[in-house]
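Chemist: Chains as they are written, first to last, in my numbering: chain Y, 1 to 249; chain R, 1001 to 1249; chain S, 2001 to 2249; chain Z, 3001 to 3249.
Number of protein chains: 4
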Amino acid sequence: MEPNKIVVRGYNLMELIDKYSYADLTYLLWRGELPSKEQSRMMDVLLSVCLEHSLNSPSVDAVRFVASCGVPLQTAVSAGVSAFGDWHGGTIEQAAKLLQDEIRVTREGQQSLQTTAEAIVRRFSESKEKLPGYGHPTHTADPRTKKLLEVANETKIRGAHVELAQHIESLTDKYFGRRLILNVDGCIAAIISDMGFDWRIGKGFFIVSRAPGLVAHAYEQMYNDKPYKAARWDEVVYTGPTERKIPGT
Amino acid sequence: MEPNKIVVRGYNLMELIDKYSYADLTYLLWRGELPSKEQSRMMDVLLSVCLEHSLNSPSVDAVRFVASCGVPLQTAVSAGVSAFGDWHGGTIEQAAKLLQDEIRVTREGQQSLQTTAEAIVRRFSESKEKLPGYGHPTHTADPRTKKLLEVANETKIRGAHVELAQHIESLTDKYFGRRLILNVDGCIAAIISDMGFDWRIGKGFFIVSRAPGLVAHAYEQMYNDKPYKAARWDEVVYTGPTERKIPGT
Amino acid sequence: MEPNKIVVRGYNLMELIDKYSYADLTYLLWRGELPSKEQSRMMDVLLSVCLEHSLNSPSVDAVRFVASCGVPLQTAVSAGVSAFGDWHGGTIEQAAKLLQDEIRVTREGQQSLQTTAEAIVRRFSESKEKLPGYGHPTHTADPRTKKLLEVANETKIRGAHVELAQHIESLTDKYFGRRLILNVDGCIAAIISDMGFDWRIGKGFFIVSRAPGLVAHAYEQMYNDKPYKAARWDEVVYTGPTERKIPGT
Amino acid sequence: MEPNKIVVRGYNLMELIDKYSYADLTYLLWRGELPSKEQSRMMDVLLSVCLEHSLNSPSVDAVRFVASCGVPLQTAVSAGVSAFGDWHGGTIEQAAKLLQDEIRVTREGQQSLQTTAEAIVRRFSESKEKLPGYGHPTHTADPRTKKLLEVANETKIRGAHVELAQHIESLTDKYFGRRLILNVDGCIAAIISDMGFDWRIGKGFFIVSRAPGLVAHAYEQMYNDKPYKAARWDEVVYTGPTERKIPGT
C-alpha cells in the first residue's frame, strides 16, 4: 500500500475488481495467486455453503447475547467469531489435517486409498475418538455436502482427498455399526485439500462464510428485539451448596 | 519495567506487595497514588460487590456459549468482557457522568442538592428517558446498594455525589409514580465520584469485579458440561418469509 | 433450518448457490430479497474494495499482536473485528446517517441538493467537527472511491445520496480552505444509501470486506513469524512519576 | 441469585464482604470454599504479582491498537484478554500440568523429587522442547518469583510442587548448559498446585491479575493519546511479489 495505490499480492486492487469477484480475491489473499475459472466457482460455493445456520449455533447465540447489551455491531460479531473453536467450524482443520497427512502416507507407501481409509476408520473406531468431519447432530444427509460434491465434480477439482473422504464414509457402517455421514466440515476439508490449501487456514473458510450471517443476527438483535437479553433468574438452576453460615459467625 | 525490576507509578511492585492488597494496587494503577486505609477498604468492597450474578446476566450467557465451542479459557472470558456494554455495567459510567456534571453545576450555581435533584428527576420524567442507576429488573431492594452505602458511611467516603444520588431516589415516587431504587450501578457511580474517579473509568470497576466470575463460568462450562451448547433447532422460531421459489426457476 | 434442509429468507440455500454468488447471498441476508444483476455487481465491488490495507491499519496490528500469543486463528481475527470502531470503518455509518438524514430533509423541504450540501459543509466548518467520509491520512485521491463511483454509474445505482456526497466534496475547498476528498468510507456510505440500506448496517460492509485480510494476516503471523511479538522493553518510554519510596518505609 | 439476595457458593455475598477481600472471594468462586488466613495472603499476592508489565506485552499492545479505534473501554480490554494464549500467560497452565502430572508419578512410584526432576530436565533437553515455566526474555532473576517464594514460605503453603520446581531449576545448568530461571509463570504454577488448584484454571490467575492494567492502558490510550494508532504506511515492509500484470490484460 502506498498513497493512492493499493497493491495486493503484486496486483493493483482496482484493476482486479473489474475481473474478479470477492471470492476470487479471497483466494488470491490466501494463496498468493489468482484462481482459474473452476477454482473461482468452487471458492464461491465454499464461502456460500455455511452462510447461515439459524440460532442452532453457539456463535449466533453468543452474538445475540452480546448484541443485547448496548455495544456496537462489530463487538457482537467479534464475540461470534471468537466462538469458532475446535467444535464449531474447527473440524474443518482437523479433518483437513487428517486427510492431508494420510494422502501423504498413501503416496509415500504407494498403497491404495481403500487401504488407507480402512486403516483410518479402524484406528478411530478402536480408540473411540471422534472421526473429524463425520456425523451431524441435526442432519442425516447434509444438503451442503451434496452440493459441494456436485460442484467439485463439475469443476474437476475433486481429487484424492475427496475420494479418500468418501471411502472413509462408506466404511463407517462396518466399523461403527452405523453410517457416519461426511458432513459439511469434512467435505470442505476434503475439497480445500484437493485445491492445495494448507489445513491450518481451514477455519478461514468458516469465518468468512459465517460473517454476513453474524452481522445479520447482530443487527436484528440490536434493532428488532429488546435490549438486555439474559436467562431469567427463575429459569436458572443453582447446583451449588445449600445456603450456609460463614465460619465464625 | 526494566530487567529484574518492575516499577508501577514510581513504586517498586515487589515492595508494594508487602503492604498493599490487589484492590489497593488497582487503585494505584487507576489513580496514580496509593489509597488511604479508608479508600483501601472502600475499593475492596467496590470490586467485590458485583462479583457474581449467576446466569441471569448476558455476559455470563455469552461466556457459556463460547466456552462450549472448544476454545481456550481466555477466549470465553474475553467474549464476556466484550458484553459489558451500555446496558450491562455501562450504567456506572452514565450515572457517574450525570452525578459529576450535576455536582459541578450545583457548586457553580451555589444551589442546594435538593434543588439539583428535583431538576434532574423532573427532566428525566418529562423526557421519558431512563434515569441511569435507578431501578432493577429483579431486585426491589438491591442488597449491594445497602452494603456499599454502609461502607461509604463507615469510611467517611460518602460525600456530595452519594447525597445527590439519594435525593434523586427519594424523589422518584413523586415524579415517576413509583420508587425507582438506587441500584448497584448507580451506587457505585456515586461512590467512585466521591472518591474522585473520572466517570470514564467506571466500567473498569465492573470488568475487574466480574472477571473472577467469568473465569469460573468458563471453567465450569468447559470441564463440567457438554461441549457445543446451542439452541436446539426445534426450539428456534423462524419469523422470516415462508418458503418460496427463486425467481426464474 | 430443519434436518437436511437450510432455508434462508424463504429460499432453499442449496438452490440459491447455483445461481447466486457469496455477495448476492450477503445481500439477501441483509435485505431479505435477492439482488438484481446491477445490485449484484455493485454488492461484489462494495465487499471487495476494502479487502486489504496492509499493516497501516490498527485492526491488522491488533490481529498481529494477538496472533503472536499462541491462540487459535479465529481468536486473532476476532480481536481485529472488535477494532472496527468509530474511527476505523465506523465512518461508513456516520456518513450514511448524515446522507440519509439530509436526503430526507431535502425531500421534505423540496430544496435542491446544492442547498443541502452548502448547509452541511457550513455547519461542519463552523462547529469544527470532523465531516464523516471526507479526507484521508494517506491517500490524496482515494483509488477506491474512483472505482466505486465508476461501478455505481455503470449499474445506474448512483442516485441522490451519491450526488449529495459529491456536492459536499466540491464545497470543501470553499469552506475548509482545502479539498477534503470523498474517501472510501464516505463513498460506500453514499452508495449503500442509494441502494436502500439502513445506515446502521454500514459497518457490516467493512467487517465482511476485511475478514479475508484479517485471516491472511493472522495466518502469516502464526506460521511465518516469531511467536510473542511485543514492543521491546527498551523501546518503551515510561512517562509516569520517577521512582519513589512507599510512604512509611 | 434471587430477588434481593445474592448467594455465592452457599454464602450470602453481602455477609462475606464484611470479612473477606476480593482475593478471598475469587478463591471461593474458584474452589468452592473460603480460604484460610494463609491461603488468603497467598491468593492476594498471586493476583497482584503480574499486575502490570508495561507495553512489553502483546496483550497491552493489542489493547492500545483497539482502544485507538473509537470503541468502548471494555472492547479494548476484551481484545487484551483474548491474547492470553499459550505463549502469554498460558505457560502457567502448561507448567502446572507438568508439575501436577509429575508429582502424581513421583508419589505413585515412591521415588524422590530429585529423581523426578532429573528425568524431566533430561527429557526436555533431549527433545529440545521448551521447558514450561523456565527462562525469561527480559529478566535474569525474576523479582516476582523471589517475592512469590518468600510468601509461599511464610504462609507454609510451599509444598512438593514448589520443591520439584526448584529442583528442576537447579538442574538446568547441567542439562541445558545455562541457568534457566524459574520464571513468574512457573512459580505461580508451582504454588497454585501446592494450593490444590486444577492446572486448567491457571490462566484465570493471569486474567484477573492483568485486568486492572489492561483497563488502565485502554483508558490512557482513549483519553490521553491520539485516535487511530496504526503502523505508518512508510514503516511497513512489503514482502510479497513485485507489481505484476493481471493475466489476459
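A virtual CB, placed ideally from N, CA and C, is assigned to each residue, including glycine.
Under 8 Å: do the stretch 152-165 of chain Y and the stretch 65-74 of chain Y share three or more Cβ pairs, one atom per stretch?
Modeler: Not touching, per the Cβ criterion.
Chemist: Would you mind working out which of Gly3010(Z), Pro3247(Z), Gly3090(Z) sits nearest Leu3029(Z), comparing C-alpha positions?
Modeler: When only C-alpha atoms are compared, the closest one is Gly3010(Z).
Chemist: Helix, strand or coil: which one does DSSP assign to Asn4(Y)?
Modeler: DSSP places Asn4(Y) in coil when its eight states are reduced to three.
Chemist: Decide if Gln2039(S) is buried, meaning its Cβ has at least 16 other Cβ atoms within 10 Å, or exposed.
Modeler: With 16 or more Cβ atoms within 10 Å of its Cβ, Gln2039(S) is classed as buried.
Chemist: Reducing DSSP to helix, strand and coil, say where Leu2182(S) ends up.
Modeler: Reduced to three states, the DSSP call for Leu2182(S) is strand.
Chemist: Hey, is Cys50(Y)'s beta-carbon within less than 8 Å of any beta-carbon in chain R?
Modeler: Answer no: the Cβ-Cβ gap between Cys50(Y) and chain R never drops below 8 Å.
Chemist: Applying the 10 Å Cβ sphere with the 16-neighbour rule, what's the burial state of Arg3104(Z)?
Modeler: When all chains shown are included, Arg3104(Z) counts as exposed.
Chemist: Is it true that the CB of Gly2080(S) sits closer than 8 Å to the CB of Val2049(S)?
Modeler: No.
Chemist: Can you give the Cα-Cα distance for Leu1180(R) and Glu1169(R), rounded to whole angstroms?
Modeler: Taking the straight line from one Cα to the other gives about 6 Å.
Chemist: What residues from chain R crowd round Pro2247(S), counting only those whose CB sits closer than 8 Å?
Modeler: Here the neighbours are Leu1034.
Chemist: Closer than 7 Å between beta carbons: that is the criterion. Which residues of the stretch 3003-3028 of chain Z meet it against chain Y?
Modeler: Against chain Y - using a Cβ distance shorter than 7 Å - the residues of the stretch 3003-3028 of chain Z are Val3007, Arg3009, Gly3010, Tyr3011, Glu3015, Leu3016, Lys3019.
Chemist: Measure from the C-beta of Gly3041(Z) to each C-beta in chain Y and report whether the shortest distance is under 8 Å.
Modeler: Just to set this straight, residue 3041(Z) is Arg in the shown sequence, not Gly. Closer than 8 Å: no.
Chemist: Can you confirm whether Gly85(Y), when its beta carbon is compared against all beta carbons of chain Z, has any partner nearer than 8 Å?
Modeler: No, no contact with chain Z.
Chemist: Are the C-beta of Asn3056(Z) and some C-beta of chain S separated by less than 8 Å?
Modeler: Cβ-Cβ to chain S under 8 Å: yes for Asn3056(Z).
Chemist: With a 10 Å radius around its C-beta and 16 neighbouring C-beta atoms as the bar for buried, classify Tyr1027(R) as buried or exposed.
Modeler: Flag for Tyr1027(R) reads buried.
Chemist: When you compare the CB positions of Lys140(Y) and Pro2003(S), do they come within less than 8 Å of one another, or not?
Modeler: As written in the sequence, residue 140(Y) is Thr, which differs from the Lys given in the question. Their beta carbons are under 8 Å apart, which means Thr140(Y) touches Pro2003(S) by this criterion.
Chemist: Take Lys2097(S) and list the residues in its own chain whose beta-carbon comes closer than 7 Å to its own, dropping the five residues that flank it on each side.
Modeler: Excluding residues within five positions, the ones whose Cβ falls inside 7 Å are Trp2199.
Chemist: Could you list which residues in chain Z have their beta carbon closer than 8 Å to that of Val81(Y), in chain order?
Modeler: Under the 8 Å cutoff, chain Z gives no residues; its nearest Cβ is about 10 Å from Val81(Y).
Chemist: Taking only the alpha-carbon atoms, compute the straight-line gap between Gln1166(R) and Arg1031(R) and give it to the nearest angstrom.
Modeler: Distance between the alpha carbons of Gln1166(R) and Arg1031(R) is about 26 Å.
Chemist: Under 8 Å between C-beta atoms, does Ala211(Y) make it to chain S?
Modeler: Yes, because at least one Cβ of chain S sits closer than 8 Å to the Cβ of Ala211(Y).
Chemist: Would DSSP call Tyr1011(R) helix, strand or coil?
Modeler: Correct three-state label for Tyr1011(R): strand.
Chemist: Among Pro3247(Z), Val3077(Z), Val3184(Z), which has the Cα closest to the Cα of Ala3062(Z)?
Modeler: Selected option, being the one with the closest Cα: Val3077(Z).
Chemist: Give the DSSP-derived three-state secondary structure of Tyr3175(Z) in the structure shown.
Modeler: Helix, per DSSP.
Chemist: First and last residue of the alpha helix (DSSP H) that includes Asp1101(R)?
Modeler: Looking at the DSSP string, the run of the alpha helix (DSSP H) that includes Asp1101(R) is 1091-1109.
Chemist: Give the residues of chain S in contact with Pro1227(R), contact being defined as C-beta atoms less than 8 Å apart.
Modeler: Within 8 Å Cβ-Cβ: nothing; Pro1227(R) doesn't reach chain S, min ~15 Å.
Chemist: What are the partner residues of Tyr3223(Z), as DSSP defines its beta bridges?
Modeler: Per DSSP, none; premise fails for Tyr3223(Z).
Chemist: At the level of alpha carbons, what is the spacing between Ala1260(R) and Glu33(Y)?
Modeler: Here chain R comprises residues numbered 1001 to 1249, so residue 1260(R) is not present and cannot be evaluated.
Chemist: Does DSSP put Tyr1134(R) in a helix, a strand or coil?
Modeler: Strand at Tyr1134(R).
Chemist: Does DSSP put Pro212(Y) in a helix, in a strand, or in coil?
Modeler: Helix at Pro212(Y).
Chemist: Kindly say whether Val66(Y), judged by its beta-carbon, lies nearer than 8 Å to any beta-carbon of chain R.
Modeler: Chain R, which has a Cβ nearer than 8 Å to the Cβ of Val66(Y), makes this yes.
Chemist: Using the beta-carbon count (16 or more within 10 Å), is Ser3183(Z) buried or exposed?
Modeler: Sequence check: residue 3183(Z) is Asn here, not Ser. With 16 or more Cβ atoms within 10 Å of its Cβ, Asn3183(Z) is classed as buried.
Chemist: Could you tell me which of Ile2191(S), Thr2172(S), Pro2212(S), Leu2025(S) sits nearest to Gln2114(S), measuring between CA atoms?
Modeler: If we check each option's Cα against that of Gln2114(S), Thr2172(S) comes out closest.
Chemist: Taking all protein chains shown into account, decide if Lys2005(S) is buried (16 or more other Cβ within 10 angstroms of its Cβ) or exposed.
Modeler: Exposed, by the Cβ-count rule.
Chemist: What does the Cβ neighbour count give for Ser2127(S), buried or exposed, with the cut at 16 atoms within 10 Å?
Modeler: Ser2127(S) is exposed by the Cβ-count criterion.
Chemist: Just tell me which of Arg1107(R), Tyr1228(R), Phe1206(R) has its CA closest to the CA of Thr138(Y).
Modeler: The candidate whose alpha carbon is nearest that of Thr138(Y) is Tyr1228(R).
Chemist: Among Gly213(Y), Val215(Y), Lys203(Y), which has the Cα closest to the Cα of Pro2212(S)?
Modeler: Closest option to Pro2212(S), Cα to Cα, is Lys203(Y).
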